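Single-structure report; data block below.
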Amino acid sequence: MVKFSTGLKPFDSNRQRNAIKTKEKKVGKHRVSPLLVVVVGTLLAIRRCCCRSPPSPSPSTASGSGMASSSSAVAAGGGAPSTGGGGGGRFFANPFPDYGGGPVVKNDDHIRSLVQSYVNLVVDNTRDDRNTDHRGDLYVGDAGIAYMFLRLHECGLFGPDALQYAKQYAVSAKAKAVRYAIKPEERCSFLCGNAGIFAVSAAICHRMGQRQEMDEDLRNFASGITVCKRIDFNKNGSDELLFGRAGYLSGIYWLHQNIDKRLFAHETLTVIAGVMIESGKRYSAAHRSPVPLMYHCWGDEYLGAAHGISAIMHMLLESPFQANPNGNEMAAVRATVNSLLSLQDADGNFPVTLQDYLQRSRDELLVHWCHGAPGIVYLMAKAYLLFKDPKYLQSCVRSCDLVWRKGLLRKGPGICHGVAGSGYVFLLLYRLTSNPKYLYRALKFMEFLTHEEFIRYARNPDRPFSLYEGYAGTVCFLLDLLRPEQAAFPFMDVFDTKSKLPCSPLVEYTFKLCAAVNYVVLMKQPAVQSLVTSEAQKRFFMNSLYHYQRVSSYFSWECNSPTHSTPTVSGLMTIGSLINHSCDPNALVNYESGRFKCVFLRPVRKGEQITTSLGPAWFLFESQPASELSFECRCQVCRNGSIIDWLKTGKPLRTSALADLGLCLEVMGNESANDAAKLNAFQQFFQRYAQYLPCLEMAFHVRSYLGLLLDAFRKENVKLNRAKIAAAVV
Numbered sequence: 001m002v003k004f005s006t007g008l009k010p011f012d013s014n015r016q017r018n019a020i021k022t023k024e025k026k027v028g029k030h031r032v033s034p035l036l037v038v039v040v041g042t043l044l045a046i047r048r049c050c051c052r053s054p055p056s057p058s059p060s061t062a063s064g065s066g067m068a069s070s071s072s073a074v075a076a077g078g079g080a081p082s083t084g085g086g087g088g089g090r091f092f093a094n095p096f097p098d099y100g101g102g103p104v105v106k107n108d109d110h111i112r113s114l115v116q117s118y119v120n121l122v123v124d125n126t127r128d129d130r131n132t133d134h135r136g137d138l139y140v141g142d143a144g145i146a147y148m149f150l151r152l153h154e155c156g157l158f159g160p161d162a163l164q165y166a167k168q169y170a171v172s173a174k175a176k177a178v179r180y181a182i183k184p185e186e187r188c189s190f191l192c193g194n195a196g197i198f199a200v201s202a203a204i205c206h207r208m209g210q211r212q213e214m215d216e217d218l219r220n221f222a223s224g225i226t227v228c229k230r231i232d233f234n235k236n237g238s239d240e241l242l243f244g245r246a247g248y249l250s251g252i253y254w255l256h257q258n259i260d261k262r263l264f265a266h267e268t269l270t271v272i273a274g275v276m277i278e279s280g281k282r283y284s285a286a287h288r289s290p291v292p293l294m295y296h297c298w299g300d301e302y303l304g305a306a307h308g309i310s311a312i313m314h315m316l317l318e319s320p321f322q323a324n325p326n327g328n329e330m331a332a333v334r335a336t337v338n339s340l341l342s343l344q345d346a347d348g349n350f351p352v353t354l355q356d357y358l359q360r361s362r363d364e365l366l367v368h369w370c371h372g373a374p375g376i377v378y379l380m381a382k383a384y385l386l387f388k389d390p391k392y393l394q395s396c397v398r399s400c401d402l403v404w405r406k407g408l409l410r411k412g413p414g415i416c417h418g419v420a421g422s423g424y425v426f427l428l429l430y431r432l433t434s435n436p437k438y439l440y441r442a443l444k445f446m447e448f449l450t451h452e453e454f455i456r457y458a459r460n461p462d463r464p465f466s467l468y469e470g471y472a473g474t475v476c477f478l479l480d481l482l483r484p485e486q487a488a489f490p491f492m493d494v495f496d497t498k499s500k501l502p503c504s505p506l507v508e509y510t511f512k513l514c515a516a517v518n519y520v521v522l523m524k525q526p527a528v529q530s531l532v533t534s535e536a537q538k539r540f541f542m543n544s545l546y547h548y549q550r551v552s553s554y555f556s557w558e559c560n561s562p563t564h565s566t567p568t569v570s571g572l573m574t575i576g577s578l579i580n581h582s583c584d585p586n587a588l589v590n591y592e593s594g595r596f597k598c599v600f601l602r603p604v605r606k607g608e609q610i611t612t613s614l615g616p617a618w619f620l621f622e623s624q625p626a627s628e629l630s631f632e633c634r635c636q637v638c639r640n641g642s643i644i645d646w647l648k649t650g651k652p653l654r655t656s657a658l659a660d661l662g663l664c665l666e667v668m669g670n671e672s673a674n675d676a677a678k679l680n681a682f683q684q685f686f687q688r689y690a691q692y693l694p695c696l697e698m699a700f701h702v703r704s705y706l707g708l709l710l711d712a713f714r715k716e717n718v719k720l721n722r723a724k725i726a727a728a729v730v
């Protein structure tokens, strides 16, 4: 028995174990070849469990021969509600009252006891190699159990043994990956192939400090990149989640979260995502689909998470294209998301395939993660977080209400088409809204796992101890109940964007630029000079400033992604704080050349602060909407009310000032005048008549002056760069 380091008394799982064994006895008296079981089980797990299920069998046929019993288990999940414990239907009637308000009590000791019980159940039934799936993959194989133990290690519940167990299952999975080698074109298969096996093994090796083996695992994983660049590498569908490009992208995102976001280049992700978009456009055009980006899997146009467009669009929303929401790529993705949203019915569910919707077929609406609202909800949540449109959140709420009514699935405890997968929907909504109602619902679905009705009448999945079909996935759900603020469905974390994507070259350049500015300015300080003396210390100091810049940018208030370039300059922090913000700035600051430049817009009196604008300014209010700041501005403009009120405090220009302004404008309009002459004319004018500021008549001219200064900075930087290149060439 596996025991926790906390020494908790294990939850009595004998009834659960006996229930599983009792159901297994229904296979019948006939002996079945183990090889046949492996082959049939593999095909069923991929093709049937996550594809459109046939109509639910009647109770009279559900407990016949072994194959009939297996078929009835596969067919369960979503449909007419059950009227009794042993009745038909795809789900149990929900026996719990809905949330009625008040605090939600969570018994963490009980949850940990359940976790220990289910972990023991998994280990006891997967030690013998004959009882495990020979593919070893994440979906139903040893790699999925290795992932479960990795999660246990991260939660700190299992002591040092968790990582050792994870390693043992990962080694077994890799051995099977070699022994039962898949086709070369399936090297990018993440959930149902070798890519996922090597990804999880790499993460485990990373935790254990086994760098050489980790690098080898990552090389094996990366062998799928070349395959992904071929637009039609699989005749059965090249883009879906289980064995296509969407799954491979989810694997890259997960590796970036768990090892290092610089593992795979920004350009690699962009190319793969671009091929996915092109694939969807081609299929949609060839089949005259009403959906802008459409895909097929085994000839069907699935909509759900397992094989359909929802997971494909989800991974595209996580891609580098998110940095440009108005670009053509994201426009096509968003239009496809909106097309899918339009298919949600009044009950909150979605069709299994587009054909079902077009034919108005409601016979096979499923409430599973793989097909239906419990999987599509993650796409809508991602769209809401990215686009901030409330219609996506409303879709999530409708899906969640549907799952509360019809999510206690008869197909077992798993996350693909089981109770834990339904429970994850509530944890998603809890993180989105912080509404305790959703945490309450998740706890009630956990409670149903030990409910008498579930233990007696729930059907056995094909792989009852695996990650997606069985108790290994249930353990992950329970672990997330222990810390619901960080809960995430395996490999579909819609919230953690910061660590998934590598930085774009532009943002990476800005990090380096800001680090260089910090370095140059700080090295002028005597205290720093006395501490940083040797070349090695200087390199260390520079590198530390670079990493500081990255972190400060990621944690800035408006940062949604490392590809977001707006907040990067806020990482100047100590340097930027030398000059305060004001909506009536007296200086312009520029860092672009690698040097700190400050140009005064008007004379500065002794004792007056040097200020610059971080966005809003009195002379910009006519030309652009008001900018938002991450702090409450207390400059003299804001203390007087609005910018309009501030403008009223200025003086009207005298006749002599208007005459001088006319001369200044003549210089500006002179085509033979160079930039220096124009800047000099403006500087002389503002120096002479600064006492009239703020002045509505001068707002346009202040903007023109700023434009000239910025253009001069740009031209100077170009000349400096050209000179450096010429010097390097010589």
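The sequence shown lines up with residues 1 to 730 when you count with the UniProt record's numbering. Don't be surprised by glycine CBs; every beta carbon is placed ideally from N, CA and C. Computed from a predicted model, the values in this text were never measured in an experiment.
Query, Result
"Exposure label - residue 468; buried when at least 16 CB within 10 Å", "buried"
"Segment contact flag, the segment 138-150 with the segment 466-485, C-beta cutoff 8 Å, min 3 pairs", "yes"
"Sequence-distant residues of its chain with Cβ nearer than 7 Å to residue 693 (five each side left out)", "602, 650"
"Collapsed DSSP secondary structure at residue 580 in the structure displayed", "strand"
"Of the listed residues 237, 320, 355, 372, nearest to residue 344 (C-alpha basis)", "372"
"Between the CA atoms of residue 632 and residue 546 - distance to the nearest angstrom", "29 Å"
"Those residues which DSSP pairs with residue 678 across a bridge", "The partner list for residue 678 (beta bridge, DSSP) is empty, contrary to what the question assumes."
"Cross-strand partners of residue 429 (DSSP beta bridge)", "According to DSSP, which records beta bridges pairwise, residue 429 is partnered with nothing at all."
"Nearest neighbour of residue 92, chosen from 449, 215, 290 [CA to CA]", "449"
"DSSP bridge partner residues for residue 590 (one or two, in chain order)", "597"
"The segment 309-326 touching the segment 249-264, judged by at least three CB pairs closer than 8 Å", "yes"
"Beta-carbon separation (whole angstroms), residue 352 vs residue 302, contact threshold 8 Å", "7 Å"
"Where residue 53 falls, given that 16 or more other Cβ within 10 Å makes a residue buried", "Low per-residue confidence applies at residue 53: pLDDT is 38, beneath 50, and the placement is therefore not dependable, though the value from the model is reported in the following sentence. Per the 10 Å Cβ criterion, buried."
"Residue 515 to residue 538 span [Cα, whole Å]", "13 Å"
"Touching by the beta-carbon criterion (3+ pairs, under 8 Å), the segment 406-414 and the segment 383-396", "no"
"Supposed close pair residue 348, residue 289 - CB separation, criterion 8 Å", "Contact doesn't hold; Cβ gap of about 24 Å is too wide."
"Status (buried if at least 16 other CB within 10 Å, exposed otherwise) for residue 475", "buried"
"Spatially closest choice to residue 696 from 226, 279, 432, 618, by CA coordinates", "618"
"For residue 302: DSSP bridge partner residues", "353"
"Three or more C-beta pairs below 8 Å linking the segment 486-498 and the segment 426-438", "yes"
"Given 8 Å, three or more beta-carbon pairs between the segment 94-104 and the segment 150-163", "no"
"Nearest to residue 706 (by Cα), restricted to the options 333, 723, 586", "586"
"Identity of the residue in 582, 646, 224, 90 nearest residue 184 by Cα", "224"
"Cβ neighbour criterion (16 or more within 10 Å) applied to residue 720", "exposed"
"Own chain partners of residue 667 with C-beta closer than 8 Å, once the 5 adjacent residues on each side are dropped", "673, 677, 678, 681"
"Cβ separation of residue 321 and residue 330, assumed to be a contact under 8 Å, to the nearest whole Å", "5 Å"
"For residue 68, the three-state DSSP class (helix, strand or coil)", "Since pLDDT at residue 68 reaches only 29, below the 50 mark, its modelled position is unreliable, and the value read off the structure follows with that caveat. Residue 68 falls in the helix class under three-state DSSP."
"8 Å Cβ shell around residue 396 - same chain, five flanking residues per side excluded", "377, 380, 381, 384, 428, 429, 432"
"From 282, 473, 192, residue whose alpha carbon lies closest to that of residue 147", "473"
"beta-carbon residue 489 near the ligand ZN non-hydrogen atom, thresh 7 Å", "This structure lacks the ligand ZN; in fact it carries no ligand of any kind."
"Own chain residues within Cβ distance below 6 Å of residue 279, not counting five before or after", "231, 239"
"Endpoints, the alpha helix (DSSP H) within which residue 155 is located", "142-155"
"Given residue 540 as reference, the closest of 551, 527, 526, 519 once Cα atoms are compared", "519"
"Whole runs of the beta strand (DSSP E) within the segment 219-266, excluding any shorter than 3 residues", "none"
"Coarse secondary structure for residue 158, derived from DSSP in three states", "coil"
"Secondary structure, alpha helix (DSSP H): runs of 4+ residues fully inside the segment 439-496", "452-457, 471-482"
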